Amino acid sequence: MTVTDVRLWNVTEYRRMSETGILSPDERVELIDGQIISMSAKNPPHAATNLCAADYLRNLLTGLALIRIQDPIALSTNSEPEPDIAVVQIDSRLYQDFHPAPSNIFLLIEIADTTLETDRKRKAPAYARAGIIDYWIIDVNKWQVYVFREPHEGNYQLETIFNEDDVLSMLAFPEIEVQISRLFP
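Right, dumping it as structure tokens:
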């Protein structure tokens, strides 16, 4: 049996690959835990839900937070994923000089039509290790929202599933009610 060491990448090397053309601008990839991961295609239900959820949250959080759509976040020196929605602190320069880090992030959301297991088993641990306190997966197939909270040692201690008729609140803004049905088109 041959044992092969895996070469992991850091954010600087990952960005350099894009700058030099090793990674094409058209490639849909993200860096998670040092690995360059292909991102799934955005099917119409995914795209429509992403737009609907982002618009709804933007209306709820005007003046309180920025809503970033499919933009990078800086989790660590070897993770720069691109969550579908990131609810982040307002930055007067709109994060021109840096990507939001965990200390800037109120909530991360992934939209799942074909990626539910990946979002639960690959992204959730990465987000938990970074200390993201509020992570949601919007399941477009069952019209449910998986809510992950209480990160501890690379895992979330609390996972709750909400249905389309439910209401929930973000940890950062507990006074604002989010109607699950409004996250969907």
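Numbering-wise, my numbering comes out as the position in the sequence shown, counting from 1, plus 1. For every residue, glycine included, the Cβ atom is placed at its ideal position computed from N, Cα and C. Keep in mind that this is a model prediction, so the values were computed, not measured.
Those runs of the alpha helix (DSSP H) which lie wholly inside the segment 84-163 and span at least 4 residues:
125-130
Nearest to ALA55 by alpha carbon, out of LEU67, ILE37 and PRO45?
LEU67
Taking DSSP as the reference, what is the three-state secondary structure of ILE181?
helix
Quick one: does ASP34 have its CB under 8 Å from some CB of chain B?
Included in the structure is just one protein chain, with no chain B present.
Are the segment 47-64 and the segment 7-15 touching by the rule of at least three beta carbon pairs closer than 8 Å?
no
If I follow the unbroken beta strand (DSSP E) through ALA32, where does it start and stop?
Ala is not the amino acid found at residue 32; the sequence shown has Leu there. Taken as a continuous stretch (DSSP letters only), the beta strand (DSSP E) holding LEU32 covers 30-33.
Leaving aside the five residues before and after ALA102 along the sequence, list all residues of the same chain whose C-beta is less than 8 Å from its C-beta, in chain order.
ILE74, ALA75 and LEU76
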